[in-house]
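Okay, so the sequence shown: first residue is 24 according to our numbering, each after it adds one.
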Amino acid sequence: MNNNKLFSLNMINRMFKNNILRLVMVLAFLSCDEEEFLKTEPVDFYSPENSYVTAGNYDAAVMNLYDRVRTEFFSGDGRNEFPNAGIQGTDICYVHKDIGFNTPMESVLLPTNDAFVFGALWQPAYRIIYDANVIIDRAASDDNELTEEEKTLFVAEAKFFRGYMYKMLANLYGGVPIVLKETQEPNRNYNTSPRVEVYQQAASDLEDATQGLMTIDEAPDHRINTLAAYHILAEVYLSLERWQDAVDAASMVIDHSSTALMTDRFGTRANEKYLIAEQWDTDVYWDLFRAGNQNRSSGNTEAIWVLQDEYNVPGSTSRGGPELERLFAPRIWQAKVQNLDGTTTTVVPEPNAYTGGRSSGFTRPSYFFFETLWERSGYNQDIRNSPANITRDFIIRNPDSDFNGQWIFADNTPIAMSSLNDTTRNMYPWIAKTSTPGDQPPEAFLENPIVEGGLSFSHAAFRDVYAIRLAETYLIRAEAYLGLTQLQNAADDINVVRDRAQAPLIASGDVDIDYILDERARELYLEEFRVLTLTRLGMLVDRTRRLNPFVGNTYADHNDLWPIPFSEIEKNLEGSLTQNPNY
Numbered sequence: 024m025n026n027n028k029l030f031s032l033n034m035i036n037r038m039f040k041n042n043i044l045r046l047v048m049v050l051a052f053l054s055c056d057e058e059e060f061l062k063t064e065p066v067d068f069y070s071p072e073n074s075y076v077t078a079g080n081y082d083a084a085v086m087n088l089y090d091r092v093r094t095e096f097f098s099g100d101g102r103n104e105f106p107n108a109g110i111q112g113t114d115i116c117y118v119h120k121d122i123g124f125n126t127p128m129e130s131v132l133l134p135t136n137d138a139f140v141f142g143a144l145w146q147p148a149y150r151i152i153y154d155a156n157v158i159i160d161r162a163a164s165d166d167n168e169l170t171e172e173e174k175t176l177f178v179a180e181a182k183f184f185r186g187y188m189y190k191m192l193a194n195l196y197g198g199v200p201i202v203l204k205e206t207q208e209p210n211r212n213y214n215t216s217p218r219v220e221v222y223q224q225a226a227s228d229l230e231d232a233t234q235g236l237m238t239i240d241e242a243p244d245h246r247i248n249t250l251a252a253y254h255i256l257a258e259v260y261l262s263l264e265r266w267q268d269a270v271d272a273a274s275m276v277i278d279h280s281s282t283a284l285m286t287d288r289f290g291t292r293a294n295e296k297y298l299i300a301e302q303w304d305t306d307v308y309w310d311l312f313r314a315g316n317q318n319r320s321s322g323n324t325e326a327i328w329v330l331q332d333e334y335n336v337p338g339s340t341s342r343g344g345p346e347l348e349r350l351f352a353p354r355i356w357q358a359k360v361q362n363l364d365g366t367t368t369t370v371v372p373e374p375n376a377y378t379g380g381r382s383s384g385f386t387r388p389s390y391f392f393f394e395t396l397w398e399r400s401g402y403n404q405d406i407r408n409s410p411a412n413i414t415r416d417f418i419i420r421n422p423d424s425d426f427n428g429q430w431i432f433a434d435n436t437p438i439a440m441s442s443l444n445d446t447t448r449n450m451y452p453w454i455a456k457t458s459t460p461g462d463q464p465p466e467a468f469l470e471n472p473i474v475e476g477g478l479s480f481s482h483a484a485f486r487d488v489y490a491i492r493l494a495e496t497y498l499i500r501a502e503a504y505l506g507l508t509q510l511q512n513a514a515d516d517i518n519v520v521r522d523r524a525q526a527p528l529i530a531s532g533d534v535d536i537d538y539i540l541d542e543r544a545r546e547l548y549l550e551e552f553r554v555l556t557l558t559r560l561g562m563l564v565d566r567t568r569r570l571n572p573f574v575g576n577t578y579a580d581h582n583d584l585w586p587i588p589f590s591e592i593e594k595n596l597e598g599s600l601t602q603n604p605n606y
């Protein structure tokens with residue numbers, strides 16, 4: 024065979040092989056599942072596909088819900104953040120700028136004020152709802168390694184937080200969108216559900232949670248339990264006017280063998296005299312708010328749900344607990360008294376552990392809270408109003424003052440007054456639960472203070488914080504009994520709380536919704552989100568106008584509900600978000 028023939032045969036073989044290869048490639052392309060072909064399996068980073076597989080994955084996702092609630096609603100330090108946004112502008116307090124030169128609340132509560140009406144509650148609540156939905160949906164799939172017991176617990180915790188958020192949203196905004204599935208792509212077709220349906224969804228989630236959570240005896244300090252769900256469920260039933268259901272849910276908490284109000288001295292500093300003035304006795308109410316006393320593991324049977332936030336403990340916030348001291352305690356370290364020669368000195372030479380720490384006095388209790396409320400409650404009997412719990416006078420502790428060692432008010436010391444800040448920020452009664460005097464971390468204390476207790480920093484309470492305390496459960500049940508017109512039962516529940524406080528007991532004829540709100544203020548000041556309580560009842564404008572006119576007279580009638588954020592309505596092109604009336 025000559026060379027030309029060999030060359031031709033080789034060419035034919037190559038062409039045949041190439042054609043076969045082309046045919047295989049065409050067939051492979053035609054039979055290819057493009058989505059499967061392009062699918063990647065991440066092995067060195069977390070993705071939605073591999074983040075919800077093991078029990079450890081789900082536990083971390085649930086812990087994120089706890090952290091979000093603590094961070095978003097209990098740890099903020101600005102006016103537009105909780106807890107301040109949930110307390111200010113009510114019958115019991117005002118922001119220091121409300122006196123004379125602050126924007127009226129009617130102008131603060133505008134749909135376009137995103138920093139407030141969107142950032143304070145709407146955005147963080149829906150973020151938590153989104154995260155809860157992911158846990159609930161992923162746990163229901165077959166692509167995880169959860170046992171049935173683990174699945175039940177994680178879903179119950181996620182539903183607890185989802186129900187809790189829908190309760191808060193309905194309290195503040197009324198009707199809002201209900202989202203029950205994981206959002207996997209941008210959505211612009213949300214629709215407003217009526218307020219009653221939002222409450223019904225919250226009730227459904229919380230009812231489910233009561234069946235899957237750990238009992239209060241099983242749950243460690245950092246986890247919610249069945250009684251926490253029953254407590255919040257009872258409040259939701261109030262909003263639905265399901266009075267007997269509210270009584271029954273609250274009774275699950277109150278009648279449990281492991282819960283009881285703390286009535287005897289307990290904890291880390293029981294039997295101490297008050298550090299500001301040793302002649303003042305402390306008491307069991309004071310004990311409730313000392314560092315180390317909040318958890319059930321420390322013997323506190325009143326604690327139902329405690330957010331873990333001690334200073335310098337893994338998992339706590341970096342600032343050492345809620346910034347109650349910074350927000351709500353007076354700036355005694357800035358208050359001034361006059362010397363005999365007309366010069367002035369501060370009451371203490373620097374921020375001090377025993378006079379409110381490094382406080383800023385941003386939000387001040389109202390006259391109604393400091394005076395009228397206690398005049399209705401046995402002013403000198405109720406231990407919640409004792410000098411150890413509400414300090415109304417201070418000792419001047421500054422060697423440069425001519426009045427060093429004397430009391431400001433008892434000794435009629437001349438006070439230097441130069442601006443509104445003197446009484447709205449610097450000098451007003453100090454509520455002891457905002458701080459833990461003497462329990463600040465060692466590194467906060469000055470090495471060479473002019474006066475004992477001098478601090479270089481101290482903004483926070485440096486303790487764990489109550490989310491639910493049994494005393495509130497009694498007051499929720501009292502409200503339910505009021506709805507049933509069982510006034511004696513309502514009085515009995517209120518009197519359990521008042522008896523612990525050594526306050527005069529009340530009669531059934533004293534009970535109305537205003538009295539219950541008064542008692543909530545006395546017992547739960549700076550613990551409840553007062554704004555949400557009053558908007559739930561439609562009484563924010565009315566009570567604030569009557570009892571705190573500095574703020575109340577700046578509200579409009581329609582401010583009993585906050586506006587739906589305009590930015591959300593604007594983005595929702597394919598759905599219908601209904602704005603609240605008169606906004």
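We treat Cβ as the ideally placed atom computed from N, Cα and C, and that holds for glycine.
- The three-state reading of DSSP puts Ile-587 in coil, since its state is none of H, G, I, E or B.
- Boundaries for Trp-328: no alpha helix (DSSP H) harbours it, while the beta strand (DSSP E) harbouring it runs 326-330, taken from the DSSP string.
- Look at Ser-424 here: in three-state DSSP terms it is coil, with no helix or strand label.
- For Val-488, the closest C-alpha among the options Tyr-402, Asn-595, Asn-323 and Gly-142 is that of Asn-323.
- When the beta-carbon positions are compared, Gly-379 and Trp-328 stay at least 8 Å from each other.
- Beta-bridge partners assigned by DSSP to Tyr-117: Arg-387.
- Annotation for Thr-233: the continuous alpha helix (DSSP H) segment containing it runs 218-235.
- Residue state for Val-520 is assigned as helix, using DSSP reduced to three classes.
- In the three-state DSSP reduction, Ile-201 falls in the coil class, being neither helix nor strand.
- Within 10 angstroms of the beta-carbon of Gly-561 lie fewer than 16 other beta-carbons, which makes it exposed.
- Annotated three-state conformation of Thr-369 is strand, per DSSP.
- A Cβ-Cβ distance of about 12 Å is found for the pair His-245 and Gln-317, leaving them out of contact under the 8 Å criterion.
- Boundaries of the alpha helix (DSSP H) around Tyr-504: 493-506.
- Shown here, Gln-111 sits in coil according to DSSP, grouped into three states, outside any helix or strand.
- Within the same chain, Cβ atoms closer than 8 Å to the Cβ of Pro-464 are found at Tyr-334, Asn-335, Gly-343 and Phe-485, the five residues on either side in sequence being excluded.
- Across the set Ile-438, Glu-373, Gly-79 and Phe-392, the C-alpha of Glu-373 shows the shortest separation from the C-alpha of Ser-383.
- Spanning the alpha carbons of Lys-456 and Arg-407 requires a straight line of approximately 10 Å.
- The residues Tyr-260, in chain order, have a CB closer than 6 Å to that of Asp-268 in the same chain once the five nearest residues on each side in sequence are set aside.
- With respect to the C-alpha of Ala-251, the residue from Leu-557, Glu-591 and Thr-282 having the closest C-alpha is Thr-282.
- Taking 8 Å as the cut-off, the Cβ atoms of Val-474 and Val-371 count as close.
- In the three-state reduction of the DSSP assignment, Leu-478 falls in the strand class.
- DSSP places Tyr-402 in the coil class of the three-state scheme, outside both helix and strand.
- Rounded to whole angstroms, Arg-448 and Phe-385 show a C-alpha spacing of 7 Å.
- Contact between the stretch 136-148 and the stretch 103-117 is present, with at least three C-beta pairs closer than 8 Å.
- Looking from the CA of Glu-542, the closest CA among Val-219, Glu-230 and Ile-499 belongs to Ile-499.
- Around the C-beta of Leu-507, fewer than 16 other C-beta atoms lie within 10 Å, and the residue is accordingly described as exposed.
- When rounded, the separation of the alpha-carbon atoms in Asp-90 and Arg-185 is 14 Å.
- Residue pairing by DSSP places Trp-453 opposite Thr-414 in a beta bridge.
- The Cβ neighbour count for Ser-130, taken over all protein chains shown within 10 Å, is under 16; the residue is labelled exposed.
- Residues of the same chain with a CB within less than 8 Å of the CB of Glu-264, apart from the 5 flanking positions on each side, are Gly-506 in chain order.
- Secondary structure at Gln-361: strand, using DSSP grouped into helix, strand and coil.
- Under the three-state reduction of DSSP, Asn-375 is assigned to strand.
- Between Leu-478 and Arg-381, the gap from beta carbon to beta carbon is short of 8 Å.
- At least 8 Å separates the beta-carbon of Thr-366 from that of Trp-356.
- Per the Cβ contact rule, the stretch 220-227 is in contact with the stretch 179-196 (3 or more Cβ pairs under 8 Å).
- In the DSSP assignment, Asp-541 falls within the unbroken alpha helix (DSSP H) covering 536-547.
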